[in-house]
Every structure is written in structure tokens, then in C-alpha cells.
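**Student:** The structure under discussion is supplied below as C-alpha cells; questions concerning it will follow.
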Amino acid sequence: MPGVRELLAVVLGVLLGIVLIVAPQTALRLSVFVGPNRRRRGDYGTDKHNSLSDQWTWLIRGLGVVCLAIALIIAYQTYA
Amino acid sequence: MQHFGLKIRMAVVGALLAGFYLVAVAAAMVAFGEGILPIAIVGSILLIGIQYKVGKWAALRSVGAEDLPETQYAEIHQFVERVCREKNMKKPSLKIASMGVPNAFAVGRRGNGTVVISQELIQLLDRSEFEGVIAHELAHIDNRDVITMQLGQGIASIVAIVAQYIVLFTGENDLADFFLAVVVGNIVQFVVIIFVLAISRYREYVADADAKDVIGQGEPLARALEKIHQGNQQAQQSAGRAQRGRGSANRRGRGQGSQRSRDANVDQQVSALCISSSDRGFLQQIVSTHPPMEKRIQRLRS
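Right, dumping it as C-alpha cells:
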């Protein structure tokens, strides 16, 4: 019988997947993988131009797609 | 009392961060027994210490910072020595790097700090403006801002790890549990980092105010910020024009230029969809390390 954990895994997984795909820069900026020194780089006194390279952006979006896929697999296994 | 309002806000956000950490440790003790406490404390210190050391090394290495020659830049060295004497602080090492944009940043702690200045910044600013920027960076070291941020980052990591393990070890170890642990860990760290970034923005105001005290007026730093801001906007506009030009050429060819341009702007579009302030979207504001430039300039001139 499907429980709360499965439901949370699907809902939160879809949510995180969408955030990673739509706002990869924001997601990475909020990640602990970007240290305080790296996060503060860019134009002096702003966060502008502190964007990550295209490869990083696409990697984060790729993780978002993986996140969505796993959430859908869990949904299928649980509710189908 | 200096920066009273900011101190109150810092105390509130700091207490929230400490609360996150204590809740995480308490939850770990409930889930894994009291024996986890020494591991949690030693692990926290080690994690934050390693993050601090690696972060400093990586920051200097990533920009290729080199020692600022004392013979060539004697005035800068003399200014830093004077400020450090006033603040009763050991002189940080000064480094120079070519970063492609006017920039400066501080790493390390009081007694073992480093200030890195970009060549572009030296070229752009006059002496008083440049001193304002340097005084701001020295204030970050004096106020132990780098350590504070590292501490916040460490707390975010610890809270995320604890949340992840609690979800993992209280479940049945199937795919849903494993996935939920990863997702919860990420979401928790996002939330904690939002508070850490709020602290970062408050500390920028404090460093501005300290720089204003050191140089006796806020105008030079305000002018420096304006100059950098205007220079960057112009650079952005010309880069945008160049990109649009390339985009048109690519559309005629493969059509990839405009696609890349659209992709790069997705975050900005998301920000624009959120509750907007006059100049920046809400989402962009809460993930910024710095307060809005206009507000900083206004405070410096007030």
C-alpha cells in the first residue's frame, strides 16, 4: 500500500526536478557545492556575471531530468 | 552602538542558523542514540575546517592570484598597513590577478587573511575610490566575515547530511526512500543557504559602514561602486549586442546562438515572474550575496 514516503518522494522529486531544470543557476547558488568564495565572485559588489559555464548549467538541468525520471518511476511503481 | 539594527538582524538570523544545527544534532541523537553526539561535534569541526582550507586555496588558485609587488604598488601597501595599524590587525597578504572584470575579494581570517585585487579594478578607479574598496575588503577580514560565511555553509552541509541520513535509516531502503533522502537533503540545504545569504547581505552593509569610517567619508566607495556598476552595464550591453549579432549569423546558419541566449536567460525570466522589487526579482534578491547596489550607494551617501 502506498505510504507517505512514496508520495513525498514523488511530489518533492518533481518539485526539485522542475527547479533544477528551470533555474539551474539559482539552484547551484543555493547549493553547498558552491563555496562562499565562489558564490561571491562576479562583478564587484554584485552577483552579476557570476554565472556558471554552459557545461555546469546543462549538468544541473540533466540532474533535474534524472530527478523527474526517478520521481515518475516511483509514481509508476507505486500507483500504476 | 555601531550598526545596532544590523546586529539585531544578524543575531536573529544567526540564532535561526544555530537552531537549524541544534535541531539537526538533536534529531540525529533521537534517530541514532546519544553516542552520535561526539561524532557530530568532531565531524562538524572537521567538515567546516576542511571546507575553509580548501575554499581559500581554491579561491586563490581559480583566479591565478600572485603577490602584489611592493615596489610597483607601494601606495596600496602603505594604505593597507595604515588601516591595519588603526584596526590593530595583522596585515593581510595582498595579491593581484587578472579576472576580466573589476573585482576584489577577501579570503582567510583575521591574522591570516588575503585580499585579492583585479588589475582591471586598479585601472578603473582613482586613488580615493580604490582605497574605499580596499577598506571594504579589510573590513570583511576584520569582522571575520569569511569565517562566518564558512560556518553558515558548514551548518547547511551538516543539516542536509543529518536530514538525508535520518530519512535513509528510518525507511525500508527501497528506491523511494533512497531518492527521498537525496531530495530532502537538497531541499534542506537550499533553505539553510537562504539564511546564510541573508547574513552575507547584512555583512556587506557593515563592511561598507566600516570602510566609510576608515576613509572618513562614504562618497569615494559610493563613486567606486557607481563606476563599476556603469562599466559593467556597458560591458553587458556590448556583449549582448555582440551575442545578438552572432545569434543572427547562427540563425542563418544553424540557429544555435539564439537558443543559447534564451537558455542563459531562463533564471532571469524566473526572477521576473516572482514578486518583483523595483530593480530585482524576489528570487534573485534572496539568492544574492550582496544587497542591491543602489541601496548600498544610498546608505554610503546618507
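Chains as they are written, first to last, in the numbering used here: chain A, 251 to 330; chain B, -11 to 290.
Glycine is no exception: its CB is placed at the ideal position from the N, C-alpha and C atoms.
Is A/A330 helix, strand or coil by DSSP?
**Tutor:** Reading the first sequence from its first residue, position 80 is the one you call residue 330 of chain A. In the structure shown, A/A330 sits in coil (DSSP, three-state: anything other than H, G, I, E or B).
**Student:** Taking any Cβ of chain A, which residues in the stretch 169 to 180 of chain B have a Cβ under 8 Å from it, in chain order?
**Tutor:** Those would be V171, V172, N174, I175, Q177 and F178, in chain order.
**Student:** What is the DSSP secondary structure of B/T136, counted as helix, strand or coil?
**Tutor:** Position 148 of the second sequence holds residue 136 of chain B. In this structure, B/T136 counts as helix in the three-state DSSP scheme.
**Student:** Kindly indicate the opening and closing residues of the alpha helix (DSSP H) around B/N76.
**Tutor:** Counting from 1 along the second sequence, the entry for residue 76 of chain B is found at position 88. Where B/N76 is concerned, there is no enclosing alpha helix (DSSP H), given that its DSSP letter is neither H nor E.
**Student:** Less than 8 Å separating the beta-carbons of B/N131 and B/R70?
**Tutor:** Here residue 131 of chain B is taken as the residue at index 143 of the second sequence, counted from 1. Here residue 70 of chain B is taken as the residue at index 82 of the second sequence, counted from 1. In this structure, B/R70 does not lie closer than 8 Å to B/N131 by Cβ.
**Student:** Do you know how far the Cα of B/M137 is from the Cα of B/I181?
**Tutor:** The residue given as residue 181 of chain B occupies position 193 in the second sequence. The residue given as residue 137 of chain B occupies position 149 in the second sequence. The alpha-carbon atoms of B/I181 and B/M137 are separated by roughly 10 Å.
**Student:** Pick helix, strand or coil for B/D55, following the three-state DSSP scheme.
**Tutor:** Working through the second sequence from its first residue, we reach residue 55 of chain B at position 67. Note: B/D55 maps to strand in three-state DSSP.
**Student:** At the 8 Å Cβ level, is A/L262 part of the contact set with chain B, yes or no?
**Tutor:** Along the first sequence, one-based indexing puts residue 262 of chain A at 12. It does: the Cβ of A/L262 has a partner Cβ on chain B nearer than 8 Å.
**Student:** Run the CB neighbour count on B/L5, radius 10 Å, all protein chains shown included, and call it buried at 16 or more, exposed below.
**Tutor:** Numbered from its first residue, the second sequence carries residue 5 of chain B at position 17. Buried, because 16 or more other Cβ atoms sit within 10 Å of the Cβ of B/L5.
**Student:** Taking 6 Å as the limit between beta carbons, can you name the residues of its chain near B/A127, skipping five residues before and five after?
**Tutor:** For the purposes of this step, residue 127 of chain B is identified with residue 139 of the second sequence, where counting begins at 1. The answer, listed in chain order, is A195, D198 and A199.
**Student:** Do you know whose CA, among B/G23, B/S81 and B/V121, lies nearest B/E58's CA?
**Tutor:** Along the second sequence, one-based indexing puts residue 58 of chain B at 70. Of the listed residues, the one whose Cα sits closest to B/E58 is B/S81.
**Student:** Look at B/I216 and B/P90 and say whether their C-beta atoms are less than 8 Å apart.
**Tutor:** The residue given as residue 216 of chain B occupies position 228 in the second sequence. The residue given as residue 90 of chain B occupies position 102 in the second sequence. The answer is yes: Cβ separation under 8 Å.
**Student:** Identify which residue in B/H278, B/R115 and B/V103 has its Cα closest to the Cα of B/V51.
**Tutor:** As a working mapping, residue 51 of chain B is identified with position 63 in the second sequence. For B/V51, the nearest C-alpha among the options comes from B/V103.
**Student:** Do B/A164 and B/Q152 come within 8 Å of each other at the CB atom, strictly closer than that value?
**Tutor:** On the second sequence, residue 152 of chain B is found 164 positions in, with the first residue counted as 1. On the second sequence, residue 164 of chain B is found 176 positions in, with the first residue counted as 1. Cβ atoms of B/Q152 and B/A164: not closer than 8 Å.
**Student:** When the cut-off is 8 Å and only beta carbons count, does B/G245 lie next to chain A?
**Tutor:** Locating residue 245 of chain B in the second sequence gives position 257, counting from the first residue. With a pLDDT of 45 at B/G245, under the threshold of 50, the modelled position of this residue cannot be trusted; read the value that follows with caution. No, B/G245 lies away from the interface with chain A (no Cβ there is under 8 Å from its Cβ).
**Student:** Under 8 Å between beta-carbons, which chain B residues line up against A/I324? List them in chain order, please.
**Tutor:** By 1-based counting over the first sequence, the position of residue 324 of chain A is 74. In chain order: L163, A164 and F167.
**Student:** Consider the Cβ of B/V275: report whether some Cβ of chain A lies at a distance smaller than 8 Å.
**Tutor:** As a first step, residue 275 of chain B must be located in the second sequence, where it is residue number 287. For B/V275, the answer is yes, since a Cβ of chain A falls inside 8 Å of its Cβ.
**Student:** Please list, in chain order, the chain A residues whose beta carbon lies closer than 9 Å to that of B/L291.
**Tutor:** Look at the range of chain B in this structure, -11 to 290, and you will see that residue 291 of chain B is not part of it.
**Student:** Could you check the C-alpha separation between B/Q210 and A/T276 for me, to the nearest Å?
**Tutor:** In the second sequence, residue 210 of chain B corresponds to position 222, counting from 1. In the first sequence, residue 276 of chain A corresponds to position 26, counting from 1. One point to set straight first is that residue 210 of chain B is Ala, not Gln, in the sequence displayed. Taking the straight line joining both Cα atoms gives about 28 Å.
**Student:** Measure the CB-CB distance between B/R289 and B/G206 and report whether it falls below 8 Å.
**Tutor:** Translated into the one-based positions of the second sequence, residue 289 of chain B becomes position 301. Translated into the one-based positions of the second sequence, residue 206 of chain B becomes position 218. In this structure, B/G206 lies closer than 8 Å to B/R289 by Cβ.
**Student:** With DSSP as the reference, identify every bridge partner of B/R97, one or two as the case may be.
**Tutor:** On the second sequence, residue 97 of chain B is found 109 positions in, with the first residue counted as 1. DSSP lists B/N100 as partners of B/R97.
**Student:** For A/I310, return the contacting residues in chain B, with the cut-off set at a CB-CB distance below 9 Å.
**Tutor:** The count along the first sequence starts at 1 and reaches residue 310 of chain A at position 60. Within chain B, no residue comes near A/I310; the closest Cβ sits about 11 Å away, beyond 9 Å.
**Student:** Taking the Cβ atom as the reference point for each residue, do A/V282 and B/Q273 lie within a distance shorter than 8 Å?
**Tutor:** Mapped onto the first sequence, residue 282 of chain A falls at position 32. Mapped onto the second sequence, residue 273 of chain B falls at position 285. Going by C-beta atoms, A/V282 is not nearer than 8 Å to B/Q273.
**Student:** I want to know whether the stretch 23 to 33 of chain B touches the stretch 64 to 78 of chain B - three or more CB-CB distances under 8 Å.
**Tutor:** With a cut-off of 8 Å, the stretch 64 to 78 of chain B and the stretch 23 to 33 of chain B do not count as touching, because too few Cβ pairs lie within range.
**Student:** Report the three-state DSSP secondary structure of B/S291 (helix, strand or coil).
**Tutor:** Past the boundaries of the shown model lies residue 291 of chain B; chain B is included only from -11 to 290, so the question cannot be answered.
**Student:** On a CA-only basis, which of A/L318, A/L270, A/Y326 and A/L280 is nearest A/L309? Give me that one, please.
**Tutor:** Residue 309 of chain A sits at position 59 when you count from the first residue of the first sequence. For A/L309, the nearest C-alpha among the options comes from A/L270.
**Student:** Quick test of the definition: if touching needs 3 or more C-beta pairs under 8 Å, does the stretch 141 to 156 of chain B touch the stretch 96 to 114 of chain B?
**Tutor:** At 8 Å Cβ cutoff, the stretches do not touch.
**Student:** Please state whether DSSP places B/A12 in a helix, a strand or coil.
**Tutor:** Taking the first residue of the second sequence as 1, we reach residue 12 of chain B at position 24. DSSP places B/A12 in helix when its eight states are reduced to three.
**Student:** Distance check for B/R(-3) and A/G253, CA to CA, integer angstroms please.
**Tutor:** Position 3 of the first sequence, counted from the first residue, corresponds to residue 253 of chain A. Position 9 of the second sequence, counted from the first residue, corresponds to residue -3 of chain B. Roughly 41 Å between the two C-alpha positions.
**Student:** Any beta-carbon of chain A closer than 8 Å to the one on B/A144?
**Tutor:** Taking the first residue of the second sequence as 1, we reach residue 144 of chain B at position 156. Judged by the 8 Å Cβ criterion, B/A144 is in contact with chain A.
**Student:** Please say whether B/V150 and A/L262 have beta carbons closer to each other than 8 Å?
**Tutor:** Translated into positions along the first sequence, residue 262 of chain A becomes position 12. Translated into positions along the second sequence, residue 150 of chain B becomes position 162. In this structure, B/V150 does not lie closer than 8 Å to A/L262 by Cβ.
**Student:** Using the C-alpha atoms, what's the distance from A/A321 back to B/V18?
**Tutor:** Working through the second sequence from its first residue, we reach residue 18 of chain B at position 30. Working through the first sequence from its first residue, we reach residue 321 of chain A at position 71. Near 29 Å, if we compare the C-alpha coordinates of A/A321 and B/V18.
**Student:** By alpha-carbon positions, which one of B/D114, B/S106, B/A186 and B/K83 ends up nearest to B/D133?
**Tutor:** Here residue 133 of chain B is taken as the residue at index 145 of the second sequence, counted from 1. B/D133 has its Cα closest to that of B/A186, out of B/D114, B/S106, B/A186 and B/K83.
**Student:** For the alpha helix (DSSP H) that contains A/T276, what are its first and last residues?
**Tutor:** Position 26 of the first sequence, counted from the start, is the residue given in the question as residue 276 of chain A. Element bounds for A/T276: P274 to R279.
**Student:** List, in order along the chain, the chain A residues whose C-beta lies closer than 8 Å to that of B/G159?
**Tutor:** As a position in the second sequence, residue 159 of chain B is number 171, starting the count at 1. Residues of chain A passing the Cβ test: R255.
**Student:** Tell me which residues share the same chain as B/I24 and place their Cβ nearer than 7 Å to its Cβ, disregarding the 5 neighbours each side in the sequence.
**Tutor:** Residue numbering aside, residue 24 of chain B sits at position 36 when the second sequence is read from its first letter. So the list reads A16 and M17, once near-sequence residues are dropped.
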